[in-house]
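Protein chains in written order, with my numbering: chain S, 1 to 833; chain G, 1001 to 1210.
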């Protein structure tokens, strides 16, 4: 429709111009179009008329749009050549349409500019805001629309103030979708209509008008709470006195809308839904009721006039509601500790407010008493805290817990004393962090039938303050609990689950948990405990609890030598030791410890060590082996020596008696008996007895007799091995006599054998040798030579052996008669005794 | 029988009370539009009073010309005469002699007076336009009050000709003119506040016959 009108107007204008120009200059070419500004994509028609009287050649008329020819059709006309072109869809925002004559080269005879675009969209989202600071202004803004019109679009802001009967129009800058109306052009408390109009060559459009009272479009400054106080005689009520900001105090007469939000002193969050107070004046205070008694509340307010935007929240002010006596009961949890065999039990009683509990005061204390009725008698403790420790009251099965404030006392909560029972009901307790503030505790229970409930208790491990202990009582059929609270990250918490029965409380299961873990803060230093062969044992201390930052997941020892690859050994987290095996001797090794928690790992410092080829253990082992071998060898040799004693002796130390320096001496039977007993114990089965044997008699007896004590000891070597005869033996007269008489009795058979029929042969001898005097400590009291089968002829010293004595006594007359010297010796001995 | 009589008498009595109180209630209350306009007017007067010191400080720079009456040292009575600044209409407490109509009319006249003075002065000095706009707003609401209270538009003080413009020969006259206008405006605003408060609580006995 618009385009039709435009084309008509253009035609009219063109024809008028033509008529006027007839008197002056007649243009040779006239181009008429359906419109110079058209909607984009619309149909455009144009006509080119060339007067006949103009000498412009005879070529056909052609059309060009820009530099492109477009098909056209000739129209028969009387006045001249006429051509018409139709562009079905004009898709250029701006293009020249030219009329040309076909010639060489082509002659342009005329042209027109055609612009295309879209009519403006109505501006959207018009909104205005009043600025109440000096100077007062009213700023409106809008959204001009997404579509590009491709045509110059003019925006105007229109205001109509009905009270003043005035309209204002503001021409707006292109591309600036906002305008600020000066103070003189609006009335603060009068409604006005505001709209934005957009106009271009293809049309105009207006925004949806808004009607507002400028003050109702003002965002107020944050108001101020002057005072928050308790309302006298009204429990749970607070009175707020407030005002507008100093610059806006002149509006204190207006009815304003107010929103109040409150929070208790120990809360972090404001009430979700602010309380709306409509039509209030700052001159009047605002009462807020249905609040907790004796509680400090922080409050903030914000304000608006009618539907204006809310102001920002005011600063906080606090006030305390009136106190009343505490109400509701307390949840409690009692743990016993100490020696219950001696009845010296400590009771730790923890409590917390139940959902129904109201302290109704800022200062509340708690009294634990064995008596239900309040009073000093039977009071176990009184505290402001959340726990109390006292001695187990004898004969008491219950205690009573009450909350007390300045106004009164709550009804007592009955607390049963549960006796500890050695019953394990809980197993597989786990605690997993859900987020930084939540831990999921799960456990299993073998038998819930005897249970009344579970108690989950948790506390920070690094802090000893019992008031930090928290608990939750859980139904017996529930096996998990989401515990929330301000868990410090990287700090251990001990969580225990206790089973409670009707008659007592069972043994807890405990787990340590972290809300968040990270790598430990330190790594213990590796110590070399011992080294042996190609092994080394490394050990280290436990990480202090406050530096673990998580549950130790693993200890890993990385070690390597100069050539070899890096080896990793896992260590038991409890033992904290590791044995590195198959290490090369003389290689320098390096090692470090990596400690991991579920939150990360940390590497310790590197240590260096070397494996010695001979360590103490090896040396000891070698020495031990050598010692054992040597001992075995010695034993073998000794045994061999003993078994072949005679033979060896005979070979290496032949016994040479010296008859010249020997004489016969009679030993008493006592001495012989004594020696026999001793000997008999050691050698239970002597077979042969022999004694001095002089295989070769010395040739110069007289000379030896003279010089025996004067000569050196070498000279006596020919005496041979004088084996028997000790100075301690009774009957031995001493060693200082000039000569010692020796006698040799030669047996024809072994001592133990039956006495031979034939008489023994006696040899008489005497010696000045000290004989056995110097060897007294080493020599046995009696000496027996062990005869072997290889010795055909045995000799027996006549004194010491019973067997010999017995044989000797068989026929003494014959013997002594044959040896007058021996007989004289025996007689002298008898006289000496 | 006695009971019926008693009930009938009680009915008659209650009816009489209702009949008597019915016209008094709504008629004695000023219309809501009037009250609302009066509230708005009062708020605007408060705003003018709040803004006056700042406007004075911004426009009057001559020493000795202050808004604070205690420090006022110069007697400008002759200047008032020479500049031809008329006195503001007198606003009295509402009474049978000084009716609501008279009061509202005088408010209107005073507002127009000062708007005219500020209009003349703002041609010579900047910084008075916002105050003039506030005064215009005030007049709008006083006019609303007039309309709501059906006050006749004839007023002896209206159409007072101002020849201040011709007397502002120099800057000093402008300064004194601004000072005197603002000082008088403040005084008039105080009167306005009092009158508007009185109007809010005023219950004319003859309201029903208006």
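No residue lacks a Cβ here, since even glycine has one placed at the ideal position from N, Cα and C.
Chain G within 9 Å of residue i, Cβ atoms only
i	result
residue 184/S	yes
residue 196/S	no
residue 460/S	no
residue 134/S	yes
residue 384/S	no
residue 283/S	no
residue 244/S	no
residue 163/S	yes
residue 192/S	no
residue 308/S	no
residue 359/S	no
residue 18/S	Interpretation of residue 18/S is limited by its pLDDT of 43, a score under 50 that renders its predicted location unreliable; the figure taken from the coordinates is listed afterwards. Not closer than 9 Å to any Cβ of chain G, the Cβ of residue 18/S fails to qualify, so no.
residue 216/S	no
residue 250/S	yes
residue 254/S	yes
Best match in the options for proximity to residue i [C-alpha to C-alpha]
i	options	result
residue 243/S	224/S, 61/S and 55/S	224/S
residue 518/S	38/S, 526/S, 508/S and 490/S	490/S
residue 123/S	157/S, 410/S, 133/S and 112/S	157/S
residue 1192/G	1032/G, 1035/G and 1108/G	1108/G
residue 1173/G	1140/G, 1093/G and 1080/G	1080/G
Neighbour-count burial assignment, residue i, 16 or more Cβ in a 10 Å radius
i	result
residue 117/S	buried
residue 555/S	buried
residue 95/S	buried
residue 1175/G	buried
residue 647/S	exposed
residue 294/S	buried
residue 626/S	exposed
residue 651/S	exposed
residue 412/S	buried
residue 113/S	exposed
residue 446/S	exposed
residue 83/S	buried
residue 315/S	exposed
residue 641/S	exposed
residue 26/S	exposed
Collapsed DSSP secondary structure at residue i in the structure displayed
i	result
residue 1134/G	helix
residue 543/S	coil
residue 295/S	coil
residue 793/S	Residue confidence is low: residue 793/S scores 43 on pLDDT, short of 50, so the model does not pin down where it sits. Its coordinate-derived value is still stated next. In this structure, residue 793/S counts as coil in the three-state DSSP scheme.
residue 170/S	strand
residue 250/S	helix
residue 1177/G	helix
residue 596/S	strand
residue 1100/G	helix
residue 52/S	coil
Nearest-angstrom Cβ-Cβ length linking residue i and residue j, presumed shorter than 8 Å
i	j	result
residue 297/S	residue 238/S	6 Å
residue 476/S	residue 451/S	4 Å
residue 536/S	residue 583/S	6 Å
residue 1164/G	residue 1117/G	6 Å
residue 401/S	residue 441/S	That belief does not hold up - the Cβ atoms of residue 401/S and residue 441/S are roughly 26 Å apart, past 8 Å.
residue 259/S	residue 301/S	7 Å
Closer than 9 Å to chain S by CB, residue i
i	result
residue 1052/G	no
residue 1021/G	Note on residue 1021/G: pLDDT 40, under 50, position unreliable in the model; the coordinate value appears next. Not an interface residue.
residue 1146/G	no
residue 1123/G	no
residue 1133/G	yes
residue 1136/G	yes
residue 1130/G	yes
residue 1179/G	no
residue 1201/G	no
residue 1191/G	no
Near the ligand MG: residue i beta-carbon under 8 Å from a heavy atom
i	result
residue 458/S	This structure simply doesn't include the ligand MG, nor any ligand for that matter.
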